[in-house]
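Protein chains in written order, with the working numbering: chain A, 230 to 504; chain B, 230 to 504. Just so you know, even glycine gets a beta-carbon here, dropped at the ideal spot from N, CA and C. Inspection log for the structure reproduced underneath, given as structure tokens.
Protein chains: 2
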Amino acid sequence: MVSSIAELISDRIGAMPAGERRAAQTLIASYPLIGLKTVAEFSAAAGVSSPTILRFVARLGFQNYPEFQSTLQDELAAQLQSPASRTLNPPSQGASAVSPMLEATLDNMRETFRHLSDKQLADIVAKLADRRGKTFLIGGRFTDPLARYMAAHLAIIKPNVFHLAGQESVWRDRLIDMGKRDVLVIFDIRRYQDSLVRFAETANQRGVQIVLFTDQWLSPIARFARHVIAGRTAVPSAWDSSAALFVVAEALIGAVTRQLEADGAKRIRELESLR
Amino acid sequence: MVSSIAELISDRIGAMPAGERRAAQTLIASYPLIGLKTVAEFSAAAGVSSPTILRFVARLGFQNYPEFQSTLQDELAAQLQSPASRTLNPPSQGASAVSPMLEATLDNMRETFRHLSDKQLADIVAKLADRRGKTFLIGGRFTDPLARYMAAHLAIIKPNVFHLAGQESVWRDRLIDMGKRDVLVIFDIRRYQDSLVRFAETANQRGVQIVLFTDQWLSPIARFARHVIAGRTAVPSAWDSSAALFVVAEALIGAVTRQLEADGAKRIRELESLR
DNA sequence: CAAAATACGTAACATACGATACAGCGCTCC
DNA sequence: GGAGCGCTGTATCGTATGTTACGTATTTTG
Chain A
230 MVSSIAELIS DRIGAMPAGE RRAAQTLIAS YPLIGLKTVA EFSAAAGVSS
280 PTILRFVARL GFQNYPEFQS TLQDELAAQL QSPASRTLNP PSQGASAVSP
330 MLEATLDNMR ETFRHLSDKQ LADIVAKLAD RRGKTFLIGG RFTDPLARYM
380 AAHLAIIKPN VFHLAGQESV WRDRLIDMGK RDVLVIFDIR RYQDSLVRFA
430 ETANQRGVQI VLFTDQWLSP IARFARHVIA GRTAVPSAWD SSAALFVVAE
480 ALIGAVTRQL EADGAKRIRE LESLR
Chain B
230 MVSSIAELIS DRIGAMPAGE RRAAQTLIAS YPLIGLKTVA EFSAAAGVSS
280 PTILRFVARL GFQNYPEFQS TLQDELAAQL QSPASRTLNP PSQGASAVSP
330 MLEATLDNMR ETFRHLSDKQ LADIVAKLAD RRGKTFLIGG RFTDPLARYM
380 AAHLAIIKPN VFHLAGQESV WRDRLIDMGK RDVLVIFDIR RYQDSLVRFA
430 ETANQRGVQI VLFTDQWLSP IARFARHVIA GRTAVPSAWD SSAALFVVAE
480 ALIGAVTRQL EADGAKRIRE LESLR
């Protein structure tokens with residue numbers, strides 16, 4: 230039994246030619262709004278021609294476009310009247326392999342933020358928004374992308390942001406550039422990497438303020454860190470999840486940006502003009 | 230400020246003639262479904278003539294009937310896509326600057342997964358778990374870290390996983406290695422990068438299957454993609470959020486790992502012994 | 001109560017929308 | 001390498017749709 234058009238589409242999308250698949254994907258992406266518009270608008274949004282749209286709805290089993298739209302509308306009406314049943318993909322009697330993953334991830338985030346005080350975050354934001362010192366970011370094997378992500382954003386809104394990458398010897402030598410005014414953002418979840426711990430220890434000796442993103446069991450680097458963000462990482466998977474840390478990182482990026490804008494950063498305008 | 234058409238109607242319903250009032254009441258009764266149908270159907274449902282319906286929407290301030298319908302659709306889209314706005318009592322105690330960010334992110338994830346079918350994910354997992362072809366990953370300015378993150382995991386559980394990085398000319402030349410059996414995972418959210426689009430186009434011409442991670446507005450690469458994952462990116466911040474895509478990526482990594490383990494990957498054991 | 005004004009529906013109209021025929025192209029399979 | 005099939009877009013067509021003009025009905029007002 231196929232209850233919704235969305236299901237129907239995902240059932241058959243595999244057996245569709247390229248053009249119709251684009252139509253399907255476009256519809257799913259902003260379901261179901263585009264399906265309520267005219268064929269012309271639909272086709273334009275999907276980047277195909279109108280006949281392809283019509284063939285698409287025909288393949289779904291509808292006699293004509295208006296019939297397709299009516300069904301869509303009825304579906305919508307049913308949803309609106311019982312907000313409870315608003316799920317496109319019904320809770321799906323445990324068959325789904327990803328749903329528990331999502332649930333666990335959402336829980337992780339809520340838990341992570343519950344243990345983070347506004348004060349703590351505000352302190353970190355203040356430090357990161359300080360333009361006087363340099364900002365270094367580094368991560369472990371799986372978390373280095375998070376460091377990169379954060380660096381990519383921070384580098385735009387303030388000067389002297391450096392992501393430390395490549396061989397250990399390379400970034401170890403960068404310690405020479407680090408001093409009291411500077412910040413070192415480290416991502417390290419288990420299994421904690423010795424090289425990172427040693428790096429953090431040395432940096433700490435040089436007076437660098439360390440902001441540590443780690444898991445709830447705390448990397449040994451926590452000993453040297455000025456600020457510690459402990460994220461939940463447990464999910465029903467073979468791997469730990471860095472998603473909670475990722476979200477904290479995004480929240481910090483957003484807050485720092487706001488802070489620097491408030492301070493009157495003409496920097497961003499300058500950047501705009503450079504493009 | 231009148232935010233919804235429903236409010237607008239209840240504001241003015243007092244100053245309407247009998248026929249138009251019936252139209253208004255009919256619309257409110259099954260809001261907004263009937264307004265999406267044709268003038269003829271609307272008039273029949275309200276028991277008035279079509280011109281009365283048109284006069285009714287004209288009185289609401291719309292130039293013509295299609296404009297009225299578009300507005301209704303936009304309103305509907307806003308409702309459907311941000312479940313947050315449906316909650317009457319926002320989590321409040323709004324002192325926290327990060328809380329709205331978290332809420333929006335959680336919503337984004339729920340929405341993103343709501344638009345993803347198990348079938349769709351299963352297809353992608355099957356393709357990624359296929360050890361025969363090569364797997365290439367690449368991302369845009371801010372999303373490249375996601376590609377790295379995924380590559381870091383996939384490279385452990387299967388051979389021939391390559392993250393494309395560095396200068397454009399470097400990874401463009403890698404196209405020579407790509408063929409029909411291969412997969413290209415692309416992360417691209419707005420502003421979409423031309424270089425990536427061209428890259429995807431060429432790869433597609435070579436028969437590479439493209440898995441696209443993009444935002445809800447769909448990168449132009451969707452045209453060439455075999456599979457499209459549309460994540461929600463809107464958050465109360467100066468930046469778009471990639472968190473939802475990150476979580477999808479993690480879910481896929483987990484699923485692919487499980488799949489390959491089921492196939493009996495002695496690879497992981499081998500790796501263990503190498504350490 | 002009469003006269004005017006407003007409201008409403010019928011019917012004709014024009015437009016834009018969905019539908020269809022056809023040709024070009026690429027792909028697959030001999 | 002050639003023949004066949006399937007997919008896609010262009011151009012055209014018929015029609016359903018929104019729109020307007022006008023006459024009748026109903027209400028309002030002096």
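Cβ contact annotation for A/Arg377 (same chain, cutoff 6 Å, sequence separation greater than five): His392, in chain order. If you look at B/Leu350, you'll find it in the alpha helix (DSSP H) that goes 347 to 357. Listed in chain order, the non-local C-beta contacts of A/Pro374 below 8 Å within the same chain comprise Gly368, local neighbours out to five positions each way being set aside.
When Cβ-Cβ separations below 8 Å define contact, A/Val414 makes no contact with chain B.
The Cβ-Cβ distance between A/Gln254 and B/Val457 falls below 8 Å. Annotation: A/Ser272 has no Cβ neighbours in chain B at a cutoff of 7 Å; minimum Cβ distance is about 13 Å.
For A/Met407 and A/Met245, the gap between their C-alpha atoms comes out near 57 Å. Close to chain B, meaning a Cβ-Cβ distance shorter than 8 Å, is no residue of the segment 407 to 432 of chain A at all. Checking the DSSP bridge columns, you'll see A/Gly460 partnered with A/Asp444. The C-alpha of A/Asp240 lies about 7 Å from the C-alpha of B/Lys348. A/Asp417 is bridged by DSSP to A/Thr443. Taking the Cα of B/Glu340 as reference, the smallest distance to any Cα among B/Ala306, B/Phe365, B/Ala351 is reached at B/Ala306. Just so you know, the alpha carbons of A/Ala451 and A/Ile242 end up roughly 49 Å apart.
Contact of B/Ser470 with chain A by beta-carbon distance below 7 Å involves Glu479. Listed along the chain, the chain B residues whose CB falls inside 9 Å of the CB of A/Thr334 are Met338, Val476, Glu479, Ala480. The three-state reading of DSSP puts A/Gly368 in strand, counting E and B together. Taking 8 Å as the threshold, the shortest C-beta distance from A/His456 to chain B does not fall below it. Contact between B/Ile418 and B/Asp444 holds: their C-beta atoms lie close to 4 Å from each other, under 8 Å. Closer than 8 Å to the CB of B/Phe342 there is at least one CB belonging to chain A. Nearest C-alpha to B/Ala275 among B/Ala247, B/Met330, B/Thr334, B/Arg251: B/Arg251. With a threshold of 8 Å between beta carbons, B/Pro388 makes no contact with chain A.
A distance of 8 Å or more separates the beta carbons of A/Gln438 and A/Arg420.
B/Ile405 sits exposed, since fewer than 16 C-beta atoms from the chains shown fall within 10 Å of its C-beta. In the DSSP assignment, A/Phe391 falls within the beta strand (DSSP E) that extends over 390 to 392. Secondary structure note for B/His344: it is in no alpha helix (DSSP H), with a DSSP letter that is neither H nor E. Here the alpha carbon of A/Leu500 sits roughly 12 Å from the alpha carbon of A/Pro388.
Going by DSSP, B/Gln434 is part of the alpha helix (DSSP H) stretching over 423 to 434. Residue environment for B/Leu425: buried (at least 16 other C-beta atoms within 10 angstroms of its C-beta).
In the three-state reduction of the DSSP assignment, A/Val268 falls in the helix class, which pools H, G and I. The Cβ atoms of A/Arg370 and B/Ala235 lie no closer than 8 Å to each other.
Residue contact check for A/Tyr378 against chain B: a CB pair falls below 8 Å.
Contact annotation for A/Ser239 against chain B: Ser346, Lys348, Gln349 [CB-CB distance below 7 Å, chain order].
Contact annotation: in the segment 283 to 304 of chain A, residues whose CB is within less than 7 Å of a CB in chain B are Gln302.
DSSP places B/Met245 in no alpha helix (DSSP H); its state is neither H nor E. Straight-line spacing of the CA atoms in A/Glu479 and A/Glu296 works out to 44 Å. Counting other Cβ atoms within 10 Å of its Cβ, A/Gln396 stays below 16 and is therefore classed as exposed.
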